[in-house]
Structure formats: C-alpha cells, structure tokens
DNA sequence: GTATTATTAGAGTATATACTCTAGGGAGTC
DNA sequence: GACTCCCTAGAGTATATACTCTAATAATAC
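Protein chains in written order, with our numbering: chain E, 5 to 234; chain L, 5 to 234.
Laid out in structure tokens, this is it:
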C-alpha cells in the first residue's frame, strides 16, 4: 500500500480511537514508523488529511443513499439505509465529534459539509416520499415531511454523542457498533405514528430487533434501560 | 465583583464566542487584564473553571425543569419549558460543542453530566406524562414515552450544531438566540401525531410561531419575541 | 550505465499552552 | 510599627505541536 494511503488509514484509525484533538501529526507518523518529514511530503498539513478522509466519508454515504427510482421501495430497503448510515457513522465516528472545530478550521470542509448535509436531508425526504408511495407510511404534506427528515438527521447524528455521555467510566473507544445501531430504534420511533395499518406490525417487529438490550446498556446506564424496556 | 466571579464570567463569554478549544487560560487572563498567576490563584486549572461553569448550567436547567405537581399542566407551561431549555443552551452554548472532549478530560464532569442527562430525560418524560393527564397529548405506554423523550433530548441538544453547519460563511459567533429557538419548531414536530383533537390546532398555531423563515437568516424574527415574553 | 524524479529520514524550529514561583502590595488587627 | 491574610503581578518553564529543511536513498526513464 502507498504511504499516502497508509497515512489516511492510520489517521482515521487514531482519530476514531482517541479523537482528532488528541492525535497529532507526530503521533500519526510514529504510529506508522515513518518520519514527520515523510508525512508532510504527502500532506501539506493536518487539515488536508482530515479533508481527504471526509471526502471518503462523503462518497460512502452518497453511495449508500442513492435511491433506486425504478421500483417500489421495500422495508428491506429502509433497513438497508438505516444500517448503512450507522455503519458510515461508525467508520468515521471521529468526524462528528469535533465537527464544529473542524468546520471552523477549514473553509473547504465547511462548504462541502454544508452541501453534504443538504444532500442527506434531501435523500431522507425522498425516502419518506417513496415509503409513502409504497404504502408503508401515510403520505404527509411536504412541510411536515421536511421537518420530519430534519428530526431524523438530528437523531442520527447525535445518537453517538448521547451514547458516549451515557457511558460512565469507559472512554470513547469503548463504544460498539451494536450499541450504535440501537439508534435505529430511535429513528423508527419517529416513524411509528405515520405507519400504515398494513405495515405497522412489521415495522414494530423490526424496531424490536434494535431495542437497547439489558446486557448492552446495563454497564452504561442501568436506569435508562429499565425505563426504556418497561 | 470578585475576581473569581469575573474569571468565570469572562471564561463563559470567551468559550461561547470562540469555543473552549480556542480559548487559553492566558487569553482569559489577558481579557480581564489580570496576570496568569492571579487566575491560577483562584483556579487550579482550566478544567476547574469549566467544571464550575457546568455547575451553574446544571443549576439553571434543574431550576427550569422543576415540574409543579399541584395543578394541571398547561400549554403555557410547555412553552415555558421549551423556551427555557433553549435559553439555557444558548447561555452555555460552548458546552455541547466540545462535550466529548470535556467529559474525557474530567471524571467529575463526566459523572455529573451523566446524572444531569438522566434527570433531564426523566423530566421530559414527566412532562409528557403531565401533558397527557392534562388532555393535551394522548397517553402513551411508558416504553414509547421513554423513547420519545430521548428523541426530544437528541433533537434539542443537536439543534445548535446543526444550525452552525447550515450556515455558510459565518462563524460560531453569528448564531442568534432567535434562530436557536426555531429548534422548538422541531420539538413540536415530534409531538404533532400525539396531540388530542382539543389541542391540536392550538399547538399547530404555537408551532407556526417558531417556524424558520427566510428573513430569520438575515435579521431577528420579530414574532418570536412576543412568545418569549409571555 | 547516467540523469531525473519520487520518496524518506531525522534533526530542528517557532510558537503556543498550561501552569509555577517569587516577590510584594493593601487592608485589617494588635 | 509589626504581623497576618488575601490577593496580585509578571517573569519564567517544561512540554507539546505543527511544520520545515537538508541530505540521502530508492525508483524510473533514457
């Protein structure tokens, strides 16, 4: 593998593990057992590394959220979107942690991320539209659908931060992908009131599969899971 | 005013304006025109300053979310809770920005914030319960109410970060309290499906007052101030 | 082969940051 | 005056951090 790619890979790994703020370019170089000079031969600065990682993230999510228009949407499609989005969040989880600082430090990133958010919101909106066409949820006025899409986005992008704060002693690294995917339970909660009678039970069943389990949560926030599973 | 209090006040101001990461203890001292030595006479370190500011924040929100149990809850009560919570978020807005780093750096804060989150979730849950008792929303099973409360929390605590990313050129400091309060529109969107027929129109009307408008992006929304000073 | 280009090492630097240390001022008390 | 206590100034420090510079080595082209 090219040194350049190794730098990107190691950076992502270290950022995810320790948080961007706690990872210096010297750390990255040391982790790869290369010199700082070598690192700076491939990247002008730390921001450039982060920006390239963002481009990968963007590409991944854009790929996941590509919506086929040639056939009716299914529950399986919806599940795929949800799973994929949380997979993406997991793989690039450092990103949302220091989002505001990163955007303040890099104008390109700021602009790109803004457009990325817009595309995601549009995609969520379109998914709701297609779910309505497929008879899975009731059709809603555009204004409501837009507000609902935004709420989905807010829940999805904040779920990880919430999980982290719900943990007591463990650090950032102690989250698991499975815990993260319990965010799907929260997203499906948003959809519940709009489900058609024909699909309501099936979605409820699907939702149950993501319900925070005792064993997962007990270490983290015992009193929460008791409430949530009552 | 005591130097100690001035330090807390200036720190909060600078943190809110520039972000905690961009504000050093030397900046704070310089801003107050006192010596670093003086600052460190009053606080052992930067973490201690942040922790004390958090205690103020916690106190404020706990005060706002105290729920009277001696009378039925009203729409005015709900409006008050929403307005208050966003006021609190605004006044201590630096906090959620660097939340994960702050919690990683200070065990006390981590523990306290975790309990604080739990109290907030319990309060939101109780508000839903009381709204149902008052006939404003339909009663829901406890499990659903818990999931809904969590979604409210996620939307509320992530709304500001979203607004920041939605802005194109402006920096952190360019947010306004009025824009922030459009988050109320999003929270009320969550409640919509559960409203009783008797209250549905009134809540819809209330919600309209917080709807994001085009003019809001450039100037403060005049109609919001009326609600704010109920 | 030689010339050129791409890559790498590693020492080094300017700046920033959190924090320390010593000396002393001012106010109250005896 | 002298003593005490609280507060303050300001120079200073150890460490970290992002990044640079030079020289050498490997790869490729001719």
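C-beta: ideal position from N, C-alpha, C; glycine also.
query, result
"CA nearest to the CA of residue 85 (chain E), picked from E:129, E:74 and E:60", "E:129"
"Bridge partners - residue 141 (chain L), DSSP secondary structure assignment", "L:199"
"Residue 134 (chain E) versus E:74, E:48, E:214 and E:201, residue with shortest Cα-Cα distance", "E:74"
"Alpha carbon of residue 90 (chain E) to alpha carbon of residue 187 (chain E), nearest angstrom", "8 Å"
"Min CB distance residue 143 (chain L) to chain E below 8 Å", "no"
"Contacts around residue 19 (chain L), its chain only, beta-carbon distance under 7 Å, and the 5 residues preceding and following it disregarded", "27 and 98"
"Three-state secondary structure assigned by DSSP to residue 187 (chain L)", "helix"
"Distance between residue 170 (chain L) and residue 122 (chain E) (C-alpha atoms, nearest Å)", "8 Å"
"Residue environment, residue 42 (chain E), which counts as buried when at least 16 other CB atoms sit within 10 Å", "exposed"
"Sequence-distant residues of the same chain with beta carbon closer than 8 Å to residue 109 (chain L), five excluded per side", "51"
"Interface partners of residue 137 (chain E) on chain L, CB under 8 Å", "In chain order: nothing, as chain L lies at least about 20 Å away."
"Residue from L:59, L:76 and L:81 whose Cα sits closest to the Cα of residue 69 (chain L)", "L:81"
"Closest residue to residue 24 (chain E) among E:142, E:209 and E:55 (Cα-Cα distance)", "E:55"
"Residue 105 (chain E) versus residue 65 (chain E): straight-line alpha-carbon distance, rounded", "22 Å"
"Distance between residue 31 (chain L) and residue 165 (chain L) (C-alpha atoms, nearest Å)", "25 Å"
"Proximal residues to residue 203 (chain L) (C-beta, below 6 Å), its chain only, five neighbours per side dropped", "140"
"Host alpha helix (DSSP H) of residue 27 (chain E) (start-end)", "That residue, residue 27 (chain E), is in no alpha helix (DSSP H); it is neither H nor E in DSSP."
"Coil, strand or helix - residue 70 (chain L) by DSSP", "coil"
"Range covered by the alpha helix (DSSP H) that runs through residue 169 (chain L)", "146 to 170"
"From L:195, L:61 and L:39, residue whose alpha carbon lies closest to that of residue 151 (chain E)", "L:195"
"DSSP-derived helix/strand/coil call for residue 129 (chain E)", "helix"
"Contact list for residue 194 (chain L) against chain E, beta-carbon separation under 8 Å", "155 and 194"
"Runs of alpha helix (DSSP H) wholly within the region 84 to 118 of chain E (minimum 4 residues, chain order)", "98 to 101 and 103 to 109"
"Span separating the alpha-carbon of residue 172 (chain E) from that of residue 72 (chain E)", "42 Å"
"Reduced DSSP secondary structure (H/G/I, E/B, other) of residue 192 (chain E)", "helix"
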